[in-house]
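Visitor: Going by the numbering used here, the sequence shown wraps up at 222, each residue one higher than the last.
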Amino acid sequence: MSDPAAGTTTGVRLRNPDGSKYAVKGSKDGPFIPATDPDPSEPLHVCEGPTDTAAALTIGPANVAGRPSCSVGTAHAVALVRRRRPGLVVVVADADGPGLAGAGRLAWCLVKDAREVRRVTPPAGVKDLRQWVGAGASRRDLDELVAATQPRRLAVRVVCGGRVVGEYAP
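1. If you draw a straight line from the C-alpha of Gly125 to the C-alpha of Phe84, how long is it?
2. I need the boundaries of the alpha helix (DSSP H) containing Ala127, first residue and last residue.
3. Taking the alpha helix (DSSP H) that Arg204 falls in, what are its first and last residues?
4. Compute the distance between the beta-carbons of Ala153 and Pro174, then report whether it is under 9 angstroms.
5. Do Val178 and Ala166 have their C-beta atoms within less than 9 angstroms of each other?
6. DSSP state of Cys122, grouped into three classes?
7. If you scan the stretch 89–119 from start to end, which runs of the beta strand (DSSP E) of 3 or more residues do you find wholly inside it?
8. Flag this pair as yes or no: are the beta carbons of Cys122 and Pro150 separated by less than 9 angstroms?
9. Residue range of the alpha helix (DSSP H) that Ala159 falls in?
10. Across the stretch 103–119 and the stretch 74–91, are there enough close Cβ pairs to call them in contact, namely three or more that are closer than 8 angstroms?
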């Protein structure tokens, strides 16, 4: 975990072979960001948790960041998008209720700072990106899923006296 504004490590999270997770004493929650500088022309892929982030890095997107969970890390993601200014932000959701809801909220928070935001979910029967990559998904599979997903865009509605007088959706 790191603090993107300060460029420092804020914590270390670990997972045992039995799947249980824990953090090194004194760790603080923060985003999971690779130490290498990303290609600014690449879409930013924002994943849920460290293992989905690692799975994304395994198949190739060079511009990847992870949130500690589906319900936290929004402020860090917004700050990262504002700093990197990617043309496309891909929010990769886990395929469960909390994951879908959290990714949806994050996507709407990012839509004002990114030109285009898409929320994607692995195919039916797959829990998350880590499981999908473990089953053989490739960068091409992820790119095809992103391409098939409609972008979220901010729409502006002008209301005067309770009546809609204009709308703009880029």
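Glycine included, each C-beta is placed from N, C-alpha and C at the ideal position.
Guide: Straight from the coordinates:
1. 10 angstroms
2. 126–136
3. Here Arg204 belongs to no alpha helix (DSSP H), and DSSP marks it neither H nor E.
4. Pairing Ala153 with Pro174 gives a Cβ-Cβ distance that is not under 9 angstroms.
5. no
6. coil
7. 96–100, 116–119
8. Contact: yes.
9. 149–162
10. yes
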